[in-house]
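**Student:** My questions all concern the structure below.
2 protein chains.
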Amino acid sequence: MAQESTSVHKVVIIGSGPSGWTAAIYAARANLEPVVYVGVAKQDPGPVLPGGQLMLTTDVENYPGFPEGIAGPEMMMKFEEQARRFGTTVVGEDITKCEFSSDGSPHTLHTSSGDTIQAHAVIISTGATANWIGLDSEMKLAMTGGGVSACAVCDGALPMFRDQHVAVVGGGDSAMEEATFLTKFASKVSVIHRRDELRASKVMQERFLNKENAEVLWNKTVIECLSEPDQMGNEKISAVRLKDTVTGEESELAIKGLFVAIGHSPATKFLQDTALEFDSAGYIDLKDRSSKTNIEGVFAAGDVADAKYRQAITASGMGCQAALDAEHWLGDKGLI
Amino acid sequence: MAQESTSVHKVVIIGSGPSGWTAAIYAARANLEPVVYVGVAKQDPGPVLPGGQLMLTTDVENYPGFPEGIAGPEMMMKFEEQARRFGTTVVGEDITKCEFSSDGSPHTLHTSSGDTIQAHAVIISTGATANWIGLDSEMKLAMTGGGVSACAVCDGALPMFRDQHVAVVGGGDSAMEEATFLTKFASKVSVIHRRDELRASKVMQERFLNKENAEVLWNKTVIECLSEPDQMGNEKISAVRLKDTVTGEESELAIKGLFVAIGHSPATKFLQDTALEFDSAGYIDLKDRSSKTNIEGVFAAGDVADAKYRQAITASGMGCQAALDAEHWLGDKGLI
Numbered sequence: 000m001a002q003e004s005t006s007v008h009k010v011v012i013i014g015s016g017p018s019g020w021t022a023a024i025y026a027a028r029a030n031l032e033p034v035v036y037v038g039v040a041k042q043d044p045g046p047v048l049p050g051g052q053l054m055l056t057t058d059v060e061n062y063p064g065f066p067e068g069i070a071g072p073e074m075m076m077k078f079e080e081q082a083r084r085f086g087t088t089v090v091g092e093d094i095t096k097c098e099f100s101s102d103g104s105p106h107t108l109h110t111s112s113g114d115t116i117q118a119h120a121v122i123i124s125t126g127a128t129a130n131w132i133g134l135d136s137e138m139k140l141a142m143t144g145g146g147v148s149a150c151a152v153c154d155g156a157l158p159m160f161r162d163q164h165v166a167v168v169g170g171g172d173s174a175m176e177e178a179t180f181l182t183k184f185a186s187k188v189s190v191i192h193r194r195d196e197l198r199a200s201k202v203m204q205e206r207f208l209n210k211e212n213a214e215v216l217w218n219k220t221v222i223e224c225l226s227e228p229d230q231m232g233n234e235k236i237s238a239v240r241l242k243d244t245v246t247g248e249e250s251e252l253a254i255k256g257l258f259v260a261i262g263h264s265p266a267t268k269f270l271q272d273t274a275l276e277f278d279s280a281g282y283i284d285l286k287d288r289s290s291k292t293n294i295e296g297v298f299a300a301g302d303v304a305d306a307k308y309r310q311a312i313t314a315s316g317m318g319c320q321a322a323l324d325a326e327h328w329l330g331d332k333g334l335i
Numbered sequence: 000m001a002q003e004s005t006s007v008h009k010v011v012i013i014g015s016g017p018s019g020w021t022a023a024i025y026a027a028r029a030n031l032e033p034v035v036y037v038g039v040a041k042q043d044p045g046p047v048l049p050g051g052q053l054m055l056t057t058d059v060e061n062y063p064g065f066p067e068g069i070a071g072p073e074m075m076m077k078f079e080e081q082a083r084r085f086g087t088t089v090v091g092e093d094i095t096k097c098e099f100s101s102d103g104s105p106h107t108l109h110t111s112s113g114d115t116i117q118a119h120a121v122i123i124s125t126g127a128t129a130n131w132i133g134l135d136s137e138m139k140l141a142m143t144g145g146g147v148s149a150c151a152v153c154d155g156a157l158p159m160f161r162d163q164h165v166a167v168v169g170g171g172d173s174a175m176e177e178a179t180f181l182t183k184f185a186s187k188v189s190v191i192h193r194r195d196e197l198r199a200s201k202v203m204q205e206r207f208l209n210k211e212n213a214e215v216l217w218n219k220t221v222i223e224c225l226s227e228p229d230q231m232g233n234e235k236i237s238a239v240r241l242k243d244t245v246t247g248e249e250s251e252l253a254i255k256g257l258f259v260a261i262g263h264s265p266a267t268k269f270l271q272d273t274a275l276e277f278d279s280a281g282y283i284d285l286k287d288r289s290s291k292t293n294i295e296g297v298f299a300a301g302d303v304a305d306a307k308y309r310q311a312i313t314a315s316g317m318g319c320q321a322a323l324d325a326e327h328w329l330g331d332k333g334l335i
């Protein structure tokens, strides 16, 4: 590691989801010898997983190129293999702190092993993590394809939820959107909300509530996920235990799917002491239609800079843009 | 077809490259019952191919998910299969003219079979096609199989070019890619470039220049294609006249094939009589970081709206955005 401290990398990529690996594939093919820090350190909120949120996704059906679907972790292995094939260096550590330069000198990054590295260009692709309720039973089922998900758009069309009663936790616009999306597939969609009114805009509320198979359970929180083994012996959600936030009364709701839609948080904690600009929701602000941030030589891609689309394919496209933007920037500065 | 004229489609997607199929995958999974018009009509400039430019690409190495690479046509077959799997209707025709409404009524599209269809939302993903130098002698030979082509991958392996000296015009990544491909078949490949340095990435330059039978002719433009009749009496290219962009000196290079690789133009001719806004280069202008055009309910994705990145993965990401934007727009308008 001592050697790394004295040499300046052309491109360091932070994060190893679809955007990070795609940036690495393109940067490596452009002979930029990229170094990917995969991100293994635990950060708030939630764990930062190498491979990103797809590591929690059993079946990816909407990433183009895999008509039969592909398991999220398998897909990320393919991405990594492709990045390595063209000469990407992969480091099993995280970047814990950034000191971005403003005078054209290399940026300084601190690693989770306590080392310091330097890079002319930095691509931030640390993603975002779904906010979860915080129950052990919830996390266990979410990690094992047990019918608990934080993304209705990704998972809602899966056969296991078709013509079943499912529930959505949340009360904002994206909860309404996810719930409305689910009404197309599920026999019934119950929105579970802790208050007696929704934060969502009226139009979003109406769109959901106008569906025949839509309902809202007011003043309820989920306190436990219950499960049963399926024919294969895999635990699948069978019900949630609810607690009334007004009366304290407990009840049970039999469901075959639980979608947690209480927002996402971009993984930006390690950037807090920098001059990097964020939007009002805390996502990295990008210039025009590029991957450029407000800091020279610092680019961002994927969910850490996208509160809107948040798909594997859009993140990958952004990763490609970041690598091409970084390559052009390095060329413009005479650094390659 | 009469039935189609009376019903209004939720989403019609024009074009069947990476962006079109990705839009279809997402739109179909959102139950929007998308209809893809694949594009088979000949348009200026050049032919519009179903499947887009990837149908002319032998090995795609940079689309994430295929570490060993994948043939372009095979990749497009997978995309199409995935779109069909979720309920996309595929029509083997092109859209020849659009009448976009401005009053909230459905848009009207004319098909190459002379039919008229209606759609609430339209996603334009017609891509871009190759540019030519613009010489009469070039076009004449290109139109008659005279040894002038804009696609080395399609034509480079033809017997007429085997073990012959051929030339490539251009200096970008795709010019290098075409030239490198040709070194497998031709006895010698001369890249003719108007400047004293190439725009292509280093790795692409090196890959070409490392070939024994590769050379670059700097500061040269082609001002005429010369030809001779073959045994059958058909005119075939025999040489190009070159002009030095620095000294103005003219010279002649004896070749048996000329491959033009000087960029692309968006396939927008069928949109010329609409109120759609384009950028200075003729690409469809998109709003902010979305797929929205200046016309309500009209979205664009892929190379037809992207002069900058033009990759399969970026086009796919844009296709996803277009489908999600269209879905939100249809929801906002109460059309789904």
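Protein chains in written order, with numbering that gives the first Met the number 0: chain Y, 0 to 335; chain P, 0 to 335. Where is the CB? At the ideal position from N, CA and C, for every residue including glycine.
Could you tell me whether the Cβ atoms of residue 127 (chain Y) and residue 266 (chain Y) are closer together than 8 Å?
**Tutor:** yes
**Student:** Taking just the CA atoms, how far does residue 18 (chain Y) sit from residue 99 (chain P)?
**Tutor:** Whole-angstrom Cα-Cα distance: 35 Å.
**Student:** Taking the alpha helix (DSSP H) that residue 88 (chain Y) falls in, what are its first and last residues?
**Tutor:** Segment 88 to 90 is the beta strand (DSSP E) holding residue 88 (chain Y); no alpha helix (DSSP H) there.
**Student:** How would you write the range of the alpha helix (DSSP H) that residue 96 (chain Y) sits in, first residue to last?
**Tutor:** Looking at the DSSP string, residue 96 (chain Y) is not in any alpha helix (DSSP H); the run it does join, the beta strand (DSSP E), is 94 to 98.
**Student:** Could you name the residues of the region 282 to 298 of chain P whose beta carbon sits closer than 9 Å to any beta carbon of chain Y, in the order they occur along the chain?
**Tutor:** 285, 287, 288 and 289
**Student:** Give the list of continuous beta strand (DSSP E) stretches no shorter than 3 residues that lie fully inside the region 179 to 265 of chain Y.
**Tutor:** 187 to 191, 213 to 216, 219 to 228, 234 to 243, 249 to 253, 256 to 259 and 263 to 265
**Student:** With a threshold of 8 Å between beta carbons, is residue 84 (chain P) in contact with chain Y?
**Tutor:** yes
**Student:** Contact check, residue 50 (chain P) vs residue 72 (chain P) under 8 Å by CB: the rounded distance?
**Tutor:** 7 Å
**Student:** When you compare the CB of residue 228 (chain Y) with every CB in chain P, is at least one pair closer than 8 Å?
**Tutor:** no
**Student:** Run down chain Y in chain order and give the residues with a C-beta less than 7 Å from the C-beta of residue 80 (chain P).
**Tutor:** 66
**Student:** Tell me, please, whether the CB atom of residue 206 (chain Y) is closer than 8 Å to any CB atom in chain P?
**Tutor:** yes
**Student:** According to the Cβ coordinates, are residue 200 (chain Y) and residue 172 (chain Y) closer than 8 Å?
**Tutor:** yes
**Student:** Check each candidate in P:103, P:216, P:21 and P:275 and name the one with the smallest Cα separation from residue 87 (chain P).
**Tutor:** P:21
**Student:** Near residue 6 (chain P), what residues of its chain come up, given a Cβ to Cβ distance below 8 Å and the 5 sequence neighbours on each side ignored?
**Tutor:** Only 117 meet the Cβ criterion.
**Student:** Starting from residue 292 (chain P), trace the beta strand (DSSP E) in both directions and tell me its first and last residue.
**Tutor:** Where residue 292 (chain P) is concerned, there is no enclosing beta strand (DSSP E), given that its DSSP letter is neither H nor E.
**Student:** If we ignore side chains and look at the alpha-carbon of each, how far apart do residue 229 (chain P) and residue 217 (chain P) end up?
**Tutor:** Looking at the two C-alpha atoms, the distance is approximately 30 Å.
**Student:** What do you get for residue 41 (chain Y), buried or exposed, if any count of 16 or more other CB atoms within 10 angstroms of its CB means buried?
**Tutor:** For residue 41 (chain Y), the predicted structure reports a pLDDT of 46, less than 50, and the residue's modelled location is therefore unreliable. A value from the coordinates is still provided. Per the 10 Å Cβ criterion, exposed.
**Student:** Nearest-angstrom Cα distance between residue 202 (chain P) and residue 209 (chain P)?
**Tutor:** 10 Å
**Student:** Excluding the five sequence neighbours on either side, which residues of its own chain have a C-beta within less than 8 Å of the C-beta of residue 253 (chain P), listed in chain order?
**Tutor:** Result list for residue 253 (chain P): 164, 237 and 238, in chain order.
**Student:** Checking contacts by CB at 8 Å: is residue 61 (chain P) closer than that to chain Y?
**Tutor:** The beta-carbon of residue 61 (chain P) is placed less than 8 Å from the nearest beta-carbon of chain Y.
**Student:** Between the region 298 to 305 of chain Y and the region 259 to 273 of chain Y, are three or more C-beta pairs nearer than 8 Å?
**Tutor:** Three or more Cβ pairs drawn from the region 298 to 305 of chain Y and the region 259 to 273 of chain Y lie within less than 8 Å of each other, which places the two stretches in contact.
**Student:** For residue 269 (chain Y) versus residue 97 (chain Y), is the C-beta spacing smaller than 8 Å?
**Tutor:** yes
**Student:** Are the beta-carbon atoms of residue 178 (chain P) and residue 160 (chain P) separated by less than 8 Å?
**Tutor:** no
**Student:** Could you please tell me which residues of the region 14 to 39 of chain P, in chain order, have their CB closer than 9 Å to any CB of chain Y?
**Tutor:** 17, 20, 21, 24, 25, 28, 29 and 30
**Student:** Between residue 189 (chain P) and residue 214 (chain P), is the Cβ-Cβ spacing less than 8 Å?
**Tutor:** yes
**Student:** Quick check on residue 332 (chain P): does DSSP put it in helix, strand or coil?
**Tutor:** coil
**Student:** Check whether the Cβ of residue 313 (chain P) lies closer than 8 Å to any Cβ atom in chain Y.
**Tutor:** yes
**Student:** According to DSSP, what are the bridge partners of residue 31 (chain Y)?
**Tutor:** Paired residue(s): none; residue 31 (chain Y) is not in a bridge.
**Student:** Using a Cβ cut-off of 8 Å (strictly closer), state whether residue 320 (chain P) contacts chain Y.
**Tutor:** At a cut-off of 8 Å between beta-carbon atoms, residue 320 (chain P) makes contact with chain Y.
**Student:** How many whole angstroms separate the CB atoms of residue 258 (chain Y) and residue 167 (chain Y), which I take to be in contact at a CB cut-off of 8 Å?
**Tutor:** Contact flag correct, Cβ pair sits at about 5 Å.
**Student:** Please report the straight-line C-alpha distance between residue 43 (chain P) and residue 24 (chain P), rounded to a whole angstrom.
**Tutor:** Its pLDDT being 47, under 50, residue 43 (chain P) is placed unreliably in this model, and the coordinates cannot settle the point.
**Student:** Considering only DSSP beta bridges, list what residue 13 (chain Y) is partnered with.
**Tutor:** Y:36 and Y:123
**Student:** Could you tell me the alpha carbon to alpha carbon distance between residue 320 (chain P) and residue 222 (chain P), rounded to whole angstroms?
**Tutor:** 43 Å
**Student:** Is the CB-CB distance between residue 8 (chain P) and residue 329 (chain P) below 8 Å?
**Tutor:** no
**Student:** Between residue 323 (chain P) and chain Y, is the shortest Cβ-Cβ distance under 8 Å, so that the two count as touching?
**Tutor:** In terms of beta-carbon proximity, residue 323 (chain P) lines the interface with chain Y, with at least one pair separated by less than 8 Å.
**Student:** Just verifying my parser: in three-state terms, what is the DSSP assignment at residue 69 (chain Y)?
**Tutor:** strand
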